[in-house]
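If you count by the working numbering, then the sequence shown holds residues 259 to 447, one letter each, in order. Note that the Cβ used here is the ideal one computed from N, Cα and C, for glycine as well.
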Amino acid sequence: MEMELYANKNNVPIIGHDASRTLIEVVQAKQPLFILEIGAAIGYSAILLASQAPQARLITIEKDRERAKEAETFISQAGLKERVSLLAGDAGEILPKLNGPFDFVFIDAAKGQYLDYLTKILDKLQPGAVVVADNVLFRGMVENNIVPRRFRTIIRRLKAYLEFVETSGRFETAVLPIGDGLAISYFKG
Ligand SMILES: C[S@@+](CC[C@H](N)C(=O)[O-])C[C@H]1O[C@@H](n2cnc3c(N)ncnc32)[C@H](O)[C@@H]1O
């Protein structure tokens with residue numbers, strides 16, 4: 259609650275209520291051991307994920323230094339410092355340096371980079387891993403033919419992400435119209 263108020267007051271985008279309910283159900287069912295989150299903001303969803311998977315270690319990445327500091331504080335206050343590591347910096351640069359294998363990934367950073375992030379971690383996913391991506395329907399625009407010019411690149415790239423997880427043969431994917439759209443992908447290997 260304190261974090262929700264902080265996020266609201268400081269205009270920090272955190273996962274919405276409905277999407278977070280689904281994320282919790284998926285992580286509870288999966289009980290992963292090694293979670294990767296891309297886009298920590300102030301650590302709200304990292305804390306949710308780590309709390310619901312008590313055996314898991316979690317790495318989360320945040321490029322905004324101020325938010326990363328806040329996330330460190332909230333993660334510490336939640337008593338999760340031992341299991342949750344925050345990496346401050348650009349996920350595009352950090353991901354190639356990580357060791358997996360991850361069995362749960364939550365993608366919630368730059369919407370135009372989802373496919374790039376996924377490509378960079380494909381060889382670090384354990385078969386059976388679950389990859390959840392938030393905001394994939396982007397205010398309904400991904401399924402709409404009329405998209406304002408300033409959003410065209412983001413929408414094109416979100417469509418490319420969805421096409422990859424739906425047609426590459428590497429994943430089974432469900433796209434749920436929950437919140438701003440959640441793609442839940444099961445990695446076949
Ligand atoms: C929607 S917020 C994340 C919210 C968080 N997952 C939650 O629900 O509590 C997206 C965050 O991704 C960060 N971000 C954007 N591009 C990034 C990148 N390339 N690398 C790391 N973080 C990035 C932004 O600074 C922002 O704080």
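- Distance from the CA of ALA349 to the CA of ILE442, rounded to the nearest whole angstrom, comes to 20 angstroms.
- For SER343, the enclosing beta strand (DSSP E) has its first and last residue at 342-346.
- For SER443, there is no enclosing alpha helix (DSSP H); the enclosing beta strand (DSSP E) covers residues 440-445.
- Counting C-beta pairs with one atom in each stretch, the stretch 335-343 and the stretch 409-421 have fewer than three that are closer than 8 angstroms, which means they do not touch.
- Judged by the Cβ position, LYS378 fails to qualify as a neighbour of ligand 1 at the 7 angstroms threshold, every heavy atom of the ligand being at least this far.
- Note: PHE362 is bridge-paired with ILE293, VAL388 in the DSSP secondary-structure output.
- Per DSSP, reduced to three states, the secondary structure at ILE352 is helical.
- The Cβ atoms of ARG279 and ILE300 lie no closer than 8 angstroms to each other.
- Closest by C-alpha distance to ILE319, out of LEU294, LEU376, TYR264, SER309, is LEU294.
- In the DSSP annotation of this structure, the continuous segment of the beta strand (DSSP E) that includes VAL433 starts and ends at 429-434.
- LEU383 sits in a strand when the DSSP states are folded into three classes.
- The Cβ atoms of ALA311 and VAL284 lie no closer than 8 angstroms to each other.
- Here ILE317 is near LEU345, since their CB atoms are less than 8 angstroms apart.
- Following the DSSP letters along the chain, one finds GLU328 in no beta strand (DSSP E) but inside the alpha helix (DSSP H) bounded by residues 323-335.
- Excluding sequence positions up to five before and after GLY439, its CB lies within less than 8 angstroms of the CB of ASP392, ASN393, VAL394, LEU395, PHE396, VAL400, VAL433, all in the same chain and listed in chain order.
- Taking a contact as a CB-CB distance under 8 angstroms, the pair THR411 and GLY370 counts as one, their CB atoms being some 6 angstroms apart.
- GLU401 has no beta-bridge partner at all, per DSSP.
- At a threshold of 7 angstroms, SER303 counts as near ligand 1, since its beta carbon sits closer than that to one of the ligand's heavy atoms.
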